[in-house]
Amino acid sequence: MLICDGHGRAHPRRFGLACHLGVELDLPTIGCGKTRLTGHYESPAAERGAFSSLTDEQTGEQLGVVLRTQTGINPVFVSTGHRVGLASAAQLVLDLSITARLPETTRQADAYARQALLAALAK
203 MLICDGHGRA
213 HPRRFGLACH
223 LGVELDLPTI
233 GCGKTRLTGH
243 YESPAAERGA
253 FSSLTDEQTG
263 EQLGVVLRTQ
273 TGINPVFVST
283 GHRVGLASAA
293 QLVLDLSITA
303 RLPETTRQAD
313 AYARQALLAA
323 LAK
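Letter 46 of the sequence shown, counting from 1, is numbered 248 in the numbering used here, and no numbers are missing.
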């Protein structure tokens, strides 16, 4: 399972980074973006776990969910990538967002990448 710091079906072309990686690697993938690229939504309630649908404004198609992972913090935009359902994707993102807005896996990968970049620049 990969959780991408980007979008899956909630992309203007309905095939974002999470979709590409999932198909290419034949792995289940989820898109978890910090900003909306497309679609319309109502802001979810302020408490952790609240969500609303992210829908295509013209067709009404559900593209993903807008999920509040922490009380009083901006929500994230969760969408399917490949071989995973939307309800499972949203629940997994919520379960992995223990102390912060983003899933812990994304936070750790980002921290590791920053350390590697700093080490490479120091040489």
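Even for Gly, the Cβ is constructed at its ideal location relative to N, Cα and C.
Non-local beta-carbon contacts of residue 282 in its own chain, meaning distances under 6 Å to residues more than five positions away in sequence, involve 210, 211, 288, 291 in chain order.
Taking the Cα positions, residue 257 is about 4 Å away from residue 264.
Residue burial annotation: residue 214 is exposed, with fewer than 16 other C-beta atoms found within 10 angstroms of its C-beta. Excluding the 5 residues flanking it on each side, residue 299 has same chain C-beta neighbours closer than 6 Å at 271, 305, in chain order. Residue environment analysis places residue 220 among the buried positions, since at least 16 neighbouring C-beta atoms fall within 10 angstroms of its C-beta. Residue 224: member of the alpha helix (DSSP H) spanning 219 to 227, first to last residue. Excluding sequence positions up to five before and after residue 295, its CB lies within less than 8 Å of the CB of 205, 232, 234, 269, 271, 278, 280, 305, all in the same chain and listed in chain order.
Residue 309 and residue 224 have their C-alpha atoms some 20 Å from each other. Distance from the CA atom of residue 266 to the CA atom of residue 315, rounded to whole angstroms, is 28 Å. As DSSP reads the structure, residue 299 sits in no beta bridge.
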